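Encoded as structure tokens, the structure appears first; notes follow it.
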Amino acid sequence: MNTIKGVFRSGKFIVGFVIFILILGTCIIYPLIVTSDPLAMLGQGNFFPPGTYISQEEAALEDPYTLQLPVEINKLDSALDVGTRAEIQSFLIKQAGVAESEIDVTDAEALAKLWKDNYDPEVKYQGLTSAKRKKLKRIDAAIDNAMRESGTMIASEGEDGALERDKTIRDTDYINTKDVTRKVLPLGTDNFGRDVLTELVAATKSSLKIGLVAGLVATAIGLFLGLLSGYLGGFADNLIMFITNLFTVIPSFVILILISYSVGDQARGIMTVAIIIGITSWPWTTRSVRSQVISLRNRDHVNLSKLSGHSMLRIIFTDILPYIASYVVMALILQISSGILAEAQLSMIGLGPATTKTATLGLMMQWAMNYSAHLNGSWWAYFPVVFMIAFISFSLNLMNTGLDQVFNPQLRD
Amino acid sequence: MELQQQNQTTQQSSSKIEIPENSCLSGRGLTKIFGVGKQTTLAVDHVDFDFNRGEIISIVGESGSGKTTLSKMLLGLISVTDGTVYYNGKPRDISTAAKKKEYWKDIQPIFQDPFSSYNMFYKIDAVLDDCLRMRGAGRLPEDQKTAMKTEACSFVNLKYAELTNKYPFELSGGQMQRLMIARIFLLKPRILMADEPTSMIDACSRATILDMLLKLRDEINMTVIFITHDIGLAYYISDKVYIMEHGRFVESGTADECILHPQQDYTKRLISDVPKIYEKWDLDA
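Protein chains in written order, with the working numbering: chain A, 62 to 474; chain B, 705 to 989.
Structure below.
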């Protein structure tokens, strides 16, 4: 009891724990609020940026409110680009004889007004090629077009094939966003047009599942072999350590790749990948549990238990396991964290869960990479995933360090 | 020198080993080597001994002389590298778990450090219950068991009612060690292996503990093998003394022979190292 209280007095543990609980809570609560399929394809097309999306048709057909608000897009400004303005300026100076000081090319409205005052499409100006004259006529038409008030017209094809005007949208027409269907995509969509936020929550959930299963499998194997090897000693110890050393020497990631590959695409579901990660990452748990058990097995209370006629199993469970329990919990936390990272690594190289039914953090990274999200600047497709992976590992490692400080008196302040 | 010659003769005539009639625990050429290959440590080096029934035997030596290793070999907790242990005149057989269990009914220890002798996750009742189970009293009615435990505790001046439902760390060192003696009282083994039972306890409790051990020995007439570095203590309580140096018994005999008339330099040094009141302590010796 005291130890548990001590754990919750450790600042590091609490910070890590709170972050982890927040992530876990989001994974549980978010799907209750947003009940749609996390992998439903909302959009057609790659990587829509984050933002609020409003139905265009509904917005157009909605009854408008007339508001005297300045329109954000100044039509004149966008109609007159830099080259056009330079041509207007040279016409005004050379042909119309306006003083250069009167012309301000940055003010589109003043420029258009000067143009309207001085240019007459009927007059044949001297000193210009015919191409230039035609160009000037086009500029005049563009300015006329941009200065027109009417706005946009919606028309539909009638029975006789002629267009009939349905509705005119004027510059002063506004609609209230509450009146139309809106969809907020805080993190945009991914390459398949799926909502990244919903997908991220579902992916975090399955990645945590993978980490937990991988961690439990690795810790169970490691604990079992470590206890056996440490307590029995002798030949059993040598044999188990031989196998453990073999696994330690061959990088477990290589074994992981080989097993994932040989299992094949059909069989590689989420749980399979979790178990594969688990059975390749136990060696260091075995080594550390073994060393803890060796130091415990010659303790007086173990000897006394032996002399009281207890069986080996009972001694292991009552006299050794409780003493290393805190250590095993810490190892489990690290194994969960490394399981999540291993899944991300495997998926990045295309050997993760072969599924389109569920998302994992690693798969999201792989999709983003395959569709060049990092090259076309679609940061929302991979940055949140990277952050989520980092936050999970960070919180778990922080919890581990906090536990270490509580259980290891040498590290206490 | 005499003893070393004896050692050699016993080693030479190992084909016909004679174990004295009243010996309960004997050793011939008992050896323990730790480690393998080049880095070996010779902890116990071909020792011979005969511990007679009902005697108090002290094994005295400095730290690292192999006393505790010898005691663990005799308890059957670690394997014997070479040589044989004779139990009641016959070679000891603890090859199976069942045989070990039988052997451990007859030989029990008290360890040096009472603080590490308990499993801190279990209440102290568990230790006493284990003893009852070992004596075959595990299925007795609860009140009878409590009566036995109360009796054992009162033998060592502890009140069972105050101790029950407590964890080991709630007890003082002296209380823990007395409870260990209560455990021996419940088990009533033939041989008690007391490995420096008083070294972690203050001087006042020490006398009480020793007193209780001797009382217990008179009560159930067991052999006590007392392992200590305190040669003064060994002189006062033991019938026979073995002096151990670097894994060998350099001198043995009755307490008077060994300590009042030491033959070996090592024994003389051990005796001179004991601080005496009213005398200047010679640290150079």
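Note that CB positions come from ideal geometry on N, CA and C, so glycine has one too.
Note that the coordinates shown come from a computational prediction; the quantities given were computed from them, not determined experimentally.
Taking the beta carbon of residue 805 of chain B as reference, the chain A residues within 8 Å of it are 370, listed in sequence order.
Here residue 899 of chain B is bridged, per DSSP, to B/931. By the criterion of at least three beta-carbon pairs nearer than 8 Å, the stretch 874–889 of chain B is not in contact with the stretch 840–850 of chain B. The beta carbon of residue 356 of chain A does not come within 9 Å of any beta carbon belonging to chain B, so the residue lies off that interface.
Boundaries of the alpha helix (DSSP H) harbouring residue 365 of chain A: 361–368, taken from the DSSP string. In the DSSP assignment, residue 733 of chain B falls within the unbroken beta strand (DSSP E) covering 727–738. For residue 196 of chain A, the uninterrupted alpha helix (DSSP H) segment begins and ends at 191–208.
For residue 939 of chain B, the secondary structure class from DSSP, reduced to helix, strand or coil, is helix. Chain B has a Cβ within less than 9 Å of the Cβ of residue 360 of chain A.
Contact between residue 820 of chain B and residue 362 of chain A holds: their C-beta atoms lie close to 6 Å from each other, under 8 Å.
Residue 260 of chain A counts as buried, since no fewer than 16 other beta carbons sit within 10 angstroms of its beta carbon. Assigned with DSSP and collapsed to three states, residue 870 of chain B falls in coil, not helix or strand. The beta-carbon of residue 379 of chain A is placed less than 9 Å from the nearest beta-carbon of chain B.
For residue 812 of chain B, the chain A residues whose C-beta falls within less than 8 Å of its own C-beta are 368, listed in chain order.
Judged by their CB atoms, residue 313 of chain A and residue 341 of chain A are nearer to each other than the 9 Å cut-off.
Here the C-alpha atom of residue 912 of chain B lies approximately 32 Å from the C-alpha atom of residue 376 of chain A. Close to chain B, meaning a Cβ-Cβ distance shorter than 8 Å, is no residue of the stretch 289–311 of chain A at all. For residue 756 of chain B, no Cβ of chain A is located within less than 9 Å of the residue's own Cβ. DSSP lists B/790 as the bridge partner or partners of residue 795 of chain B. Residues of chain B with a Cβ closer than 9 Å to the Cβ of residue 364 of chain A are, in chain order, 776, 779, 781, 813, 815, 821. Among the residues facing chain A, residue 789 of chain B is not included, as its CB has no counterpart in that chain under 9 Å away. In the same chain as residue 113 of chain A, and ignoring 5 residues on each side of it, the C-beta atoms closer than 7 Å to its own belong to 243, 245, in chain order. For residue 405 of chain A, the secondary structure class from DSSP, reduced to helix, strand or coil, is helix. The stretch 947–961 of chain B makes no contact with the stretch 778–787 of chain B; the number of CB pairs closer than 8 Å stays below 3. Looking at the backbone, the Cα of residue 916 of chain B and that of residue 930 of chain B are separated by about 14 Å. Per the coordinates, the alpha-carbon of residue 92 of chain A lies some 24 Å from the alpha-carbon of residue 275 of chain A. Listed by position along chain A, the residues whose Cβ is nearer than 7 Å to that of residue 797 of chain B form an empty set, because the closest Cβ is around 17 Å away. In this structure, residue 889 of chain B sits near residue 920 of chain B, with a CB-CB distance shorter than 9 Å. If you draw a straight line from the Cα of residue 935 of chain B to the Cα of residue 764 of chain B, it is about 6 Å long. Apart from the 5 residues on each side of it in sequence, residue 159 of chain A sits with its Cβ closer than 8 Å to the Cβ of 153, 175, 179 in its chain, given in chain order. Among the CB atoms of chain B, one or more fall inside 9 Å of the CB of residue 383 of chain A. The continuous stretches of beta strand (DSSP E) do not include residue 179 of chain A, which lies in the alpha helix (DSSP H) extending over residues 169–179. With 16 or more other Cβ atoms inside 10 Å of its own Cβ, residue 796 of chain B counts as buried. A residue is called buried once 16 or more other Cβ atoms fall within 10 Å of its Cβ, and residue 364 of chain A is buried on that count.
Beyond the five residues adjoining it in sequence on each side, residue 902 of chain B comes within less than 7 Å, by CB distance, of 910, 913, 914 in the same chain, given in chain order. Using a Cβ-Cβ cut-off of 9 Å, residue 886 of chain B does not count as an interface residue toward chain A, since no Cβ of chain A sits closer than that to its own.
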